[in-house]
Amino acid sequence: MLEQQLVNALSLGCVYALFALGFTLVFGVLGVINLSHGAIFMIGAYAALQAVTKLAFPLWASLIAALVIAGAFGFVIDLLILKPLRKRNAPHLIPMIATIGLAIFFNNASQGLFGAENLRFPNEVVPNEQLHFAGVQISVLELAIVLLSFALMTGLLLVMRRTQLGRALRAIAESPKAAALLGINVEGLFYLTSTVAAALGGVAGVLIALYSNAVFPLMGQPMLHKGIAVIILGGMGDIRGALLGGLFLGFAEVMSVAYIGSTMRDAVAFGLLFLVLLLRPQGMFGKVLERKA
Amino acid sequence: MEWFDNFWAVYSNLVLTIGINALLALSIWLTLSCGLLAMANAAFMGIGAYTASLLTMNVGAPFPVALAGGVIAPTLVALAIGGPTLRLSGVYLAMATLGFGEVVRVLILNAESFTGGALGLNGIPQQTQWWHVVLALVVVLLLLWRLRRSRIGRAFEAIKEDGVAASLMGIGVMAHKMLAFALGAAIAGLAGALNAHLTFFIGPSEFGFDRGVDILTMAILGGTSGLTGPVLGALIVTLLPELLRGFKDFRTMLNGAILVLIVLFLPKGLWDPLRFRQWFARAPRKPAPATVGER
Amino acid sequence: MLKLTQVSKRFGGLSVLQDVSFDVPAGSVFGLIGPNGAGKTTVFNLITGLLAPSGGTIEFDGRSLVGVAPHQITRRGLGRTFQNIRIFKEMSLLENVVVGMHAHLTYGVPALLFSLPGFRAQERASHAKALELLSWVGLDHKASDVADNLSYGDQRKLELARALATEPRLLLLDEPVAGMNSGEKVELMALIQRIAQRGYTIFMIEHDMRFVMGLCQRIAVLNFGRIIAEGTPAEIQSNPAVIEAYLGREDDEAIAEGAR
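Written out as C-alpha cells, the structure reads:
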C-alpha cells in the first residue's frame, strides 16, 4: 500500500539526494560537472568493505573510513586535475571530459584490483531487524540511512545558510572573481568543496552498498546517471534542489516499479530528466542565468 | 599479393572498424565545430543500426535502401528533438543529450518484439564491403571539407565562439545548430548501419554512455581543429586495444588515463596545426603573404 | 529612421526603462548618454531583439522590430558593436569581417559542395571587400593575424569593421571608445565622422562627453530609465535637469568635462 511504498522510497531517495548533493556542490561552487563522482561513490563502498573485511572495523568506523578515503580522493583529483585546468581558464566542458577519463580509470582499476564480481558485506555486520509502526515496516538499516542522510544534509544546509563559510561558498558560486576580490580564499575553498563533496559521495556509496548488498566496480555508473537526473530536476548548483530532487526520484522510481514494472525503472530517471530539460531547463530551484566569471 | 590476402583475412574487420569509427568521430566533430557538446551520437548510431538491420532482416530490403533508412531515421529524430534541446547551452545540452541517449537505450531494451530486447539482433547479413566504408568516408570528408570552406562553416565557428554576436551578424543561429545536429545524426546513423552489417550482431548496450565516451575520446584525442584530427583519433583509439593486448585488463584503464592526460597536456588534441606551425616557425623562414581562408 | 515610442522594460518587479521615446533621424549621428546604470545598453538590447520590451513600440523605417529575431533585425539593416568587445577571438581579422557578410552571401548548398563558379565568385568578392573594410579602419596589414592578439583599441576597430560588413543602414555603437587613450579616441572620432559622411546613420552610447558633444547632432539623455532631455548638444549642455542628473550622481569625469 501507499504508505509502505512511501517509506521504501524515503530511504532510496535519501541516498540519491546524498549522492546528488556532492555532485551539485561541485557544480555550484567550482562550475564543473564532475563525472568521476560515480567512481568516488564506488571507492567509498570498497573502502568501507575493505575496512570491515580486512581490518575488522565495526560498521560505523568503516563509514568514517569511507568518508575519509573518498574525501582524500576528491582532494587529490582537485589538486592534480581540476586545479591545473582552472589555472588555464579552460571552458567548463574540458574538465568534464577529464573527469570522464578519471572515472574510466578508477572503474577499471578497481575491477583489476578487486575483480568484477558482486561483493557483499558480511552478514554479521549488516543490521537486518525490522521495525513496525503505524502499519508500515522499515528495517533498521533503512532507518539508519534516512537518519544519517538527513543529519548530513541538514548539517550542510546549516553551514551554507548560517555560517560565514557558507556565505563565502555562495559568493564563489555567484562569481569567483568577485569573491576573490572580497578577500575570500577561493582556491582553499575549492579544495574544501571537492573534498567534502567526495566524502558525501563516498558515504552514499557505503549506504547503497548496504541497502542493495552489492559492491561491484561499475556501481557508480548508474548512480551517476541518476545523479545527473536529480540535479537537473532540482536545479543545478542548488542544495535544496538536490535534496528534493533526490527524494522525488526515489519516489518516482519506487512508484513506477510498483505500478508499471521494474524494467522501466532506469527509464524513469531519464524520462524525467528529458522532460524537465525541455519544459523547464533550470529545474526546480536553478537559475537560468549562466554564472559570471 | 599473398601477404596482402593474409593480412586482409586477419585484419579486414579491424580496418573497416577504423573507417566506421572515423565516421563516428567526424559526426561528433561536426557538432563540436558548432559549439554543441551533443552526446547523443551514440544513440543516433544505435537508431541507424537498428533501423537498417530491421529493414534487411524483416523486410528483405536491398542494402542501399537499408543504409538510406539508417541515415534517415536518426536524422528525423534529431530534427524532432532538436528544437527544444538545442535551445539549451553548454552543460545543459550535454546533460540533455546524455539523458536522451539513455532513454533510447532503455526504449530499445524494452521494445523486445521489435528489437530483441537485451539479447539484441543476431544474424544480420554481413553485407558491408570495404568499398562501402571507403566510399562513405570519402563522401563525408568531402562534404565536411566543403562546408568548412563556405559561409556555413564560418557561421558554425562564429556560433561556437559567441552565439549572440553571431546572431547579430545576420546568422540564423538555431537553423545552423539544427543543421549541425541533424547532419551529425545522419553520419552517426550511417556508421551504425554499416557497423551492424559488419559485425552481424547488435545489442542495446553498444549504443549507450560508453560508446558515447569512446566517440568523444576519439575526437578530443585526435584534435578538433580540422578534419584530420578525428580520423587520427579514430585510428588510435581503435588500434590501441589491439596494441595493448599484452596489458589485458589494464587496457581500459589506459584509455581513461590517456583521456585525462590529453586534456591536461594537449588540450587541442594530437593534430593541432597551430602547434605544428609554432614548431616549424622556430626555424628561420620568410614570412608568408597574407593568405585568405588558410584553413 | 529609428523610432522608439513609450518603450518600457521590467525585469520581474524591477522597472529598468519607462516611457522611453525618441527619434533617430536618417543620416544623423545620434547619441544616448546618461549616468551609469541608467539603462542605455538595455535600450540597445531591446532594439536589436536580444530582449523584448514590456511595453511600447520600436520601429525601423516604419516596420516594427518587436518580436523579430536578432538575425532578422540585422538583415533589415542594423549593425551593432558591443560595450565589452565581442569579436571572434580565435578567427583571423579577415575571417571576422567575412563572417559579417554572411547574410549577403547567397549561394546554396549545391554551389558550395561542387565549388561552382557562383560560389567562388562570391567568396572572392567577399574576401576582397573584407580586406577593403579592414584597410578603412587601418588594420589590413594584420588581416591574417588572430584576433585575440590585437590591442584593445584595435579590437574595437575590428568590431567596427565587422559591423560595417553587415551592410547596415543604421550603426549602433555601444561605448565605442571606452577604455581607449586620448590618441586612440581622436583616431576613432575621425573614423566615425568618415563613416557618417558616407551616409550611414549612427546611434551611439557613450560616457565621454567631449566625444559625444563633438560628434553628435542630436542627443538624448537617459536617467533612472527615463528620458529627461533630448536636443542639440548646446541644448543638452545647458539643460538644468541634465546637469543635476550628473551632479547628483558623483560622476566626476562628466562634471569636469561638461564644465569645459
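Protein chains in written order, with the working numbering: chain P, -3 to 289; chain A, 2 to 296; chain G, 48 to 307. We treat Cβ as the ideally placed atom computed from N, Cα and C, and that holds for glycine. In this text, all values refer to a predicted model and were calculated from it rather than measured experimentally.
- Item | C-beta contact flag for Gly18 (chain P) and Gly216 (chain P) at 8 Å | no
- Return the residues of the stretch 152 to 181 of chain A that lie within a Cβ-Cβ distance of less than 8 Å from chain G, sorted by chain order. Arg152, Ile153, Arg155, Ala156, Glu158, Ala159, Glu162, Asp163, Val165, Ala166, Ala167, Ser168, Leu169, Met170, Gly171, Ile172, Gly173 and Val174
- Item | Expected contact under 8 Å - CB spacing of Thr218 (chain A) and Val232 (chain A) to nearest Å | 14 Å between Cβ atoms; not a contact.
- Name, going along the chain, the residues of the stretch 133 to 150 of chain A whose beta-carbon falls closer than 9 Å to a beta-carbon of chain G. Leu143, Leu144, Arg147, Leu148 and Arg150
- Message: Given this structure, state the Cα-to-Cα distance separating Ala189 (chain A) from Asp195 (chain G), to the nearest angstrom.
- Response: 34 Å
- Got a sec: is the Cβ-Cβ distance from Lys136 (chain G) to anything in chain A below 8 Å? yes
- Can you tell which of G:Arg133, G:Arg57 and G:Gly78 has the C-alpha that lies nearest to the C-alpha of Leu49 (chain G)? G:Gly78
- Assign His188 (chain G) to one of two classes, buried (16 or more other C-beta atoms within 10 Å of its C-beta) or exposed (fewer than that). exposed
- Once you ignore the five residues that flank Lys161 (chain A) on each side, which residues in its own chain have a CB closer than 7 Å to its CB? Ser34, Cys35 and Gly36
- Cβ distance (whole Å) where Gly126 (chain G) is taken to contact Leu235 (chain G) below 8 Å: Not really, about 16 Å apart at Cβ, beyond 8 Å.
- Item | chain A residues whose Cβ lies nearer than 8 Å to that of Leu89 (chain P) | Leu38, Gly91, Val92 and Ala95
- Query: Based on Cα-Cα distance, which residue from A:Arg152, A:Ser226 and A:Gly91 lies nearest to Leu27 (chain A)?
  - Reply: A:Ser226
- Message: Rounded to the nearest angstrom, what separates Ala183 (chain A) and Ala53 (chain A) at their Cα positions?
- Response: 18 Å
- Item | Inter-stretch contact at 8 Å, needing at least 3 Cβ pairs: the stretch 226 to 242 of chain G / the stretch 258 to 277 of chain G | yes
- Query: Thinking just about the alpha-carbon of each residue, which of A:Ala41, A:Leu108 and A:Asn42 is nearest to the one in Leu264 (chain P)?
  - Reply: The question names Leu, but residue 264 (chain P) is Val in the sequence shown. Nearest option by C-alpha distance: A:Leu108.
- Query: Relative to the alpha-carbon of Arg171 (chain G), which residue among G:Phe271, G:Ala225 and G:Leu152 has its alpha-carbon at the smallest distance?
  - Reply: G:Leu152
- Task: Would you list, in sequence order, the uninterrupted beta strand (DSSP E) runs of no fewer than 3 residues that lie entirely inside the stretch 103 to 177 of chain P?
- Result: 126 to 129 and 132 to 135
- Considering Leu271 (chain P), what are the terminal residues of the alpha helix (DSSP H) in which it resides? Arg261 to Leu275
- Message: Suppose you measure from the CA of Tyr247 (chain G) to the CA of Glu231 (chain G); what does that come to, to the nearest Å?
- Response: 22 Å
- Message: Looking only at its chain, what residues have a beta carbon closer than 7 Å to the beta carbon of Glu275 (chain G), apart from the 5 residues adjacent to it on each side?
- Response: Looking at the sequence shown, residue 275 (chain G) is not Glu but Ile. Here the set comprises Val268, Ala288, Val289 and Ala292.
- Closest Cα partner of Gly114 (chain G) within the set G:Gly124, G:Leu98 and G:Asp108: G:Leu98
- Delimiting residues of the alpha helix (DSSP H) encompassing Glu183 (chain P): Val182 to Ser208
- Decide if Asn4 (chain A) is buried, meaning its Cβ has at least 16 other Cβ atoms within 10 Å, or exposed. According to the sequence displayed, residue 4 (chain A) carries Trp and not Asn. Exposed.
- Take the Cβ of Gly81 (chain G) as the centre, count every other Cβ of all protein chains shown within 10 Å, and call the residue buried at 16 or more, exposed below. buried
- Tell me, please, whether the CB atom of Leu150 (chain G) is closer than 8 Å to any CB atom in chain A? Note on residue identity: the sequence assigns Ala, not Leu, to residue 150 (chain G). So yes, Ala150 (chain G) belongs to the interface.
- Query: In its own chain, which residues sit with a C-beta less than 6 Å from the C-beta of Ala187 (chain A), not counting the 5 before and 5 after it?
  - Reply: Val72 and Thr76
- Give the interface partners of Pro85 (chain A) over in chain P, defined as CB-CB distance under 7 Å, in chain order. Leu274
- Any idea which residues DSSP pairs Asn4 (chain P) with across the strands? In DSSP, Asn4 (chain P) forms no bridge with anything.
- Contact set between Glu142 (chain G) and chain A, taken where Cβ atoms lie within less than 7 Å: Arg155
- Task: Could you tell me whether the Cβ atoms of Ala258 (chain A) and Gly97 (chain P) are closer together than 8 Å?
- Result: yes
- Using the rule of at least 16 other Cβ atoms within 10 Å of the residue's Cβ for burial, across every protein chain shown, is Gly70 (chain P) buried or exposed? buried
- Message: Once the 5 residues before and after Glu103 (chain A) are set aside, which same chain residues still bring their CB inside 6 Å of it?
- Response: none
- Message: So, does the stretch 199 to 218 of chain P touch the stretch 54 to 62 of chain P, judging by three or more C-beta pairs under 8 Å?
- Response: yes
- Task: Using a cut-off of 7 Å between C-beta atoms, extract the partners of Thr213 (chain G) located in chain B.
- Result: The chain inventory of the structure shown lacks chain B, comprising the protein chains P, A and G.
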